[in-house]
Amino acid sequence: MSPSLERPPGLDSPLTARIIKYGARANAALFKLTNGRVGGRWRVMAGWRKPAPVLLLEHVGRKSGRTFTTPLLFMRSGSELVVVGSQGGLPKDPQWVANLRAQPDVAVRVPRRGRRPVRARVADPAERAALWPRLLETYADFETYQTWTDREIPVIVLSPR
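Numbered according to the numbering used here, the sequence shown spans residues 166 to 326.
The following block contains the structure:
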């Protein structure tokens, strides 16, 4: 079942943002409780036929100083992990992207592998161009999300530290 390439009405409504926020909290809680056995695979839209792997990103709020946990689809690239700041094609980058830019030393939890420290960086244009087709193999709807927004969706590389 392929999603429509037309931008859904109400995509950037406060209700959509709230649904994403509380859905992410529920996913993170289930992931932590089961070490990724539940919540470690994304099975929505393109993920229905080809589930995409999920990690938990633990990052610090640049304004609040609080620790946040965000579930994200990811891809492996050698020893690095790659995540995408798509936020379903919403008009603004997700808050976690700004948090990583301010404080790049973070941690991730990968299903059944536990917690590990990583350093985040935004992929440069050439690296993004090389990673993007592989990311679409992981989750094809990233391309749809890119058509729904005017911003260039950031690709973040998480390197072991």
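Yeah, the Cβ is synthetic: ideal placement off N, Cα and C, and Gly gets one too.
These numbers were taken from a predicted model, which means no experiment stands behind them.
query	result
Distance between R277 and K197 (C-alpha atoms, nearest Å)	10 Å
Contact check, A285 vs V320, beta carbons under 8 Å	no
Counterpart residues of S324 in DSSP-defined beta bridges	R284
For T234 and E245, believed in contact at Cβ under 8 Å, the rounded distance	About 20 Å separates the two Cβ atoms, so there is no contact after all.
Buried versus exposed call for R274 [16 or more other C-beta atoms within 10 Å across all chains shown]	buried
Selection from K215, L220, R214 that minimises the alpha carbon distance to G204	L220
Cβ neighbours of K257 in the same chain (closer than 8 Å, five flanking residues each side left out)	R316
Any 3 or more C-beta pairs closer than 8 Å across the stretch 178-188 and the stretch 261-273	no
Whole runs of the beta strand (DSSP E) within the stretch 221-302, excluding any shorter than 3 residues	232-242, 245-249, 270-275, 279-287
Where P218 falls: helix, strand or coil (DSSP)	strand
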